[in-house]
Amino acid sequence: MKSVTIADAENVIIGLQDEIRRSEESRYDHRWHGVLLVAHGRNCCQVADLLGDAPRTVAYWADRVEEQGLAGLQEGSRSGRPSKLNADQVADLRRVLRGKPSEWACQEIYGMEKPCRLNCERSTVCNSVHDNAGVCYASGSFATASRAR
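The working numbering puts the first residue of the sequence shown at 52, with every later residue one more than the last.
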């Protein structure tokens, strides 16, 4: 069989790893692929090198499969960073985002006059918009989560 190569392998690998980390389902598939390689006789260091993970992480996956079966590869809750928006702000944000984008106004959400000054980073607002309305901020504009990918 003819050997196949990828011209820009380094960037392709980075792009694929980003895609794997994008959703819970793809991360689950990634973990069971790693365990499958271990089951085929690869050691954790080899698998980690192939998949771009730490060897100890691959060992955790294999241990969890031994203890719990494939259910051990499912993600548990992920705490992450606490929200910088309080419950009232999140509720207001959801309400406003259900309307037309042309009607979105900072003062409507936070009761402020323009210009709007938030006590959080722009990324916090963008993440909140994504989490609460399924909208992503990419390349300078908002798009639905499916369109932004």
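Ideal Cβ positions, reconstructed from N, Cα and C, are used throughout, including at glycine.
Bear in mind the structure is a predicted one, so any value in this text is a computation, not a measurement.
N- and C-terminal bounds of the alpha helix (DSSP H) containing residue i
i          : result
residue 69 : 60–71
Cβ neighbour criterion (16 or more within 10 Å) applied to residue i
i           : result
residue 114 : exposed
residue 168 : Residue placement at residue 168 is flagged as unreliable, the pLDDT there being 41, under the threshold of 50; the coordinate-derived value follows with that caveat. It is exposed - the Cβ of residue 168 has fewer than 16 other Cβ atoms within 10 Å.
residue 104 : buried
residue 67  : exposed
residue 63  : exposed
residue 55  : exposed
residue 121 : exposed
residue 65  : exposed
residue 87  : exposed
residue 136 : buried
Member of the options whose CA lies at the smallest distance from the CA of residue i
i           : options             : result
residue 117 : 61, 90, 133 and 134 : 90
residue 72  : 130, 119 and 102    : 102
residue 108 : 57, 53, 78 and 52   : 78
Touching or not, the region 95–102 and the region 132–141, by the rule of three or more beta carbon pairs under 8 Å? In the pairwise beta carbon analysis, the region 95–102 is classified as not touching the region 132–141: fewer than three pairs are separated by under 8 Å.
So, does the region 73–93 touch the region 119–130, judging by three or more C-beta pairs under 8 Å? yes
What ranges does the alpha helix (DSSP H) occupy inside the region 85–152, keeping only unbroken runs of at least 4 residues that lie completely in it? As summarised for the region 85–152, the continuous alpha helix (DSSP H) elements at least 4 residues long and confined to that stretch are 95–102, 106–119 and 138–148, given in chain order.
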